[in-house]
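Here is the structure we will look at.
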Amino acid sequence: MKKLILTALLSLSFTSVSVQARDDIGAYSIADTMARPVAQNKLGNDIAFYFGEQAYGEVEQNFGEFKTNKKTNAFNKTDEEACQWVFLSAMISLKQRAIKEGGNAVVNIKSNYKNNLTSSTETFQCGAGALIAGVALTGDVVKLKN
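Residue numbers for the sequence shown, in mature numbering (1 follows the signal peptide of the UniProt record, and there is no 0): -21 to -1, 1 to 125.
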């Protein structure tokens, strides 16, 4: 009996199990996410955000390009829920950077998930798996003339 168990354990140790982690990259609506009450509450009106090639006013001062890369727990959430949540986290990070630098806007905001830079005025890129969702953004912190 001991030989049988030992043989079974040895057989299992030499068997490789292929586990495929899910990492689906999707495009989600910026407008829908920004319109959520929690987003409006957290982001406020102090800092303006301009995505992709959206037009904005004259730049008085440019503080440089800043990046954010955020992850969130996606367990027991739909991909859209997890992605909206982590996008908000990334936006809060950009807002905090703008305040720290003395800016009043973040312009040219682009998705940069897995260093794949994509520019859109309508959608952001998010990678979602069974346990984690992630959003990476890049944008220029500026002070726009009033």
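We put the CB at the ideal spot given by N, CA and C, even for glycine.
Being a predicted model, the structure only gives us computed values, none of them experimental.
Tell me which residues share the same chain as residue i and place their Cβ nearer than 7 Å to its Cβ, disregarding the 5 neighbours each side in the sequence.
i: GLU59; result: TYR7
i: LYS56; result: none
Measure how close the beta-carbons of residue i and residue j come, nearest whole angstrom, since I'm counting them as under 8 Å.
i: ILE9; j: PHE103; result: 6 Å
Please return the same chain residues whose Cβ sits closer than 6 Å to the Cβ of residue i, not counting the five positions on each side in sequence.
i: ALA77; result: ILE26, VAL85 and VAL120
Whose C-beta lies closer than 8 Å to the C-beta of residue i among residues of the same chain, with five residues either side of it excluded?
i: ILE71; result: LYS21 and LEU22
i: TYR92; result: ILE4, GLN104, CYS105, GLY106, GLY113, VAL114 and ALA115
i: GLU37; result: LEU123 and LYS124
If we call anything under 8 Å between Cβ atoms a contact, is residue i one with residue j?
i: THR51; j: LYS89; result: no
i: LYS49; j: ALA18; result: no
i: THR12; j: PHE66; result: yes
i: GLY81; j: PHE42; result: yes
i: THR47; j: LEU73; result: yes
Looking only at DSSP bridge pairs, what is residue i linked to?
i: TYR7; result: PHE103
i: GLU44; result: ASP119
i: VAL38; result: LEU123
Quick one: complete alpha helix (DSSP H) runs, 4+ long, within the region 57 to 97? 58 to 80
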